[in-house]
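Have a look at the structure below before the remarks.
Numbering (the numbering used here), first residue to last: 18 to 377.
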């Protein structure tokens with residue numbers, strides 16, 4: 018490895034955010050190390066397009082390590098070996114509804130994993146900067162808009178676990194002088210979003226209905242309002258946090274909220290369908306305690322990081338619908354691709370977000 022290149026370690030590198038962050042950091046000239054779980058099937062599909070095989074003589078700057086964020090010893094050994102300049106902790110059990118079914122697992126993976134990494138940093142004496150992926154779900158029932166000074170009112174085991182991780186990150190920053198930041202990210206989506214999350218369920222359903230593969234889409238609360246942004250923009254905000262002179266915590270969002278019902282209007286309307294003909298309500302998808310309205314006040318990030326969102330809600334929906342239609346072999350309306358080619362050619366997101374998915 019080139020001694021002049023910065024080194025980053027990313028947990029959750031195989032997820033939506035992790036894969037976009039890996040691309041972003043590679044483009045910035047980093048050596049990127051990722052922690053992946055050992056499984057009997059490959060789970061690296063979001064990274065296939067940027068992976069290089071050293072046996073082919075390729076220059077390699079992406080390295081994957083088998084690990085478990087539930088194991089303190091394993092994490093400490095990886096950190097000791099890699100000696101990262103920056104650590105991005107993105108791994109979690111991140112599905113809010115599932116956290117009600119698996120509260121203890123969510124607490125361990127989503128909450129305690131953070132203190133395991135911080136303890137590994139502290140004991141190894143590694144001079145690194147740490148990013149904790151906090152969540153807008155921590156605000157829960159707090160009235161909108163929400164910013165860094167809004168009191169937290171978590172409404173799920175997932176949110177409570179994230180809140181533990183948030184506070185322990187702040188505690189290690191203050192107690193041990195570790196450069197540690199919380200990015201309180203509001204909802205951010207893309208064609209790489211997991212298929213069980215509501216936005217991707219909707220855009221996949223549009224494609225599936227058009228392709229004759231499904232007849233109905235089953236959802237829960239259509240009135241929940243969220244601040245939805247475009248995921249590649251949010252990984253840039255993560256990086257910006259770790260480039261500041263002093264560590265701090267930042268809310269990241271668009272400042273614009275829309276309901277699930279509005280997402281349906283945009284997605285189905287984009288291809289000339291009426292979602293009322295296809296959507297069915299299933300009580301299983303309601304949460305025991307709902308979060309009604311999340312809306313970011315991200316003025317601090319704008320003023321201190323210089324970060325602003327570029328893509329709006331309508332454009333995001335079109336990008337996702339186009340991608341899922343092409344994934345099932347349909348010709349898309351193409352507006353999403355046009356938006357990306359005009360606004361994101363400098364990151365080449367428009368090609369990677371589709372080609373990677375098509376190879377799964």
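Don't be surprised by glycine CBs; every beta carbon is placed ideally from N, CA and C.
From a predicted model like this one, the values you see are computed outputs, not experimental measurements.
**Asked** Is the CB-CB distance between residue 213 and residue 338 below 7 angstroms?
**Response** No, Cβ-Cβ distance for residue 213 and residue 338 is not below 7 angstroms.
**Message:** If you follow the alpha helix (DSSP H) that residue 43 is in, where does it begin and where does it stop?
**Reply:** Per DSSP, residue 43 belongs to the alpha helix (DSSP H) from 33-44.
**Request:** In the DSSP assignment, find the beta strand (DSSP E) that holds residue 282 and state where it starts and stops.
**Result:** Residue range 277-287 is occupied by the alpha helix (DSSP H) that includes residue 282, with no beta strand (DSSP E) assigned at that position.
**Message:** Classify residue 44: buried if its beta carbon has 16 or more other beta carbons within 10 angstroms, exposed otherwise.
**Reply:** Residue 44 counts as exposed, since fewer than 16 other C-beta atoms from the protein chains shown sit within 10 angstroms of its C-beta.
**Request:** In the DSSP assignment, find the unbroken beta strand (DSSP E) run with residue 266 in it and report its ends.
**Result:** That run of the beta strand (DSSP E) goes 266-269.
**Request:** Would you tell me roughly how many angstroms separate the C-alpha atoms of residue 305 and residue 119, rounded to the nearest one?
**Result:** Each residue's Cα considered, the two are about 13 angstroms apart.
**Request:** Please check the pair residue 64 and residue 30, which I expect to be a contact at CB under 8 angstroms, by giving their CB distance rounded to whole angstroms.
**Result:** Right, their Cβ atoms sit about 7 angstroms apart.
**Prompt:** Can you tell which of 243, 225 and 38 has the C-alpha that lies nearest to the C-alpha of residue 307?
**Reply:** Of the candidates 243, 225 and 38, the one whose C-alpha sits nearest the C-alpha of residue 307 is 243.
**Request:** Would you grab the beta carbon distance between residue 131 and residue 106 for me? Rounded to a whole angstrom, and I think it's under 8 angstroms.
**Result:** Going by Cβ atoms, the distance from residue 131 to residue 106 rounds to 6 angstroms, so yes, they are a contact pair.
**Prompt:** Which partner residues of residue 322 appear in the DSSP bridge assignment?
**Reply:** In the DSSP output, where bridge partners are listed per residue, residue 322 has none listed.
**Prompt:** Quick one: any contact between the region 168-176 and the region 310-322, if contact means 3 or more CB pairs under 8 angstroms?
**Reply:** Contact check between the region 168-176 and the region 310-322: fewer than three CB pairs, one atom from each, fall below 8 angstroms, which does not count as touching.
**Request:** Could you check how far apart the C-beta atoms of residue 347 and residue 224 are, in whole angstroms? I think they sit under 8 angstroms.
**Result:** That belief holds up - the Cβ atoms of residue 347 and residue 224 are roughly 6 angstroms apart, short of 8 angstroms.
**Item:** Pairwise C-alpha distance: residue 218 and residue 277
**Value:** Those two C-alpha atoms are separated by around 11 angstroms.
**Item:** Spatial distance of residue 78 from residue 285 (CA atoms)
**Value:** Looking at the backbone, the Cα of residue 78 and that of residue 285 are separated by about 41 angstroms.
**Request:** Check residue 204 in the structure and name its three-state DSSP category.
**Result:** Coil.
**Message:** For a test of the three-state rule: what should DSSP assign to residue 51, helix, strand or coil?
**Reply:** Residue 51: strand per DSSP, three-state reduction.
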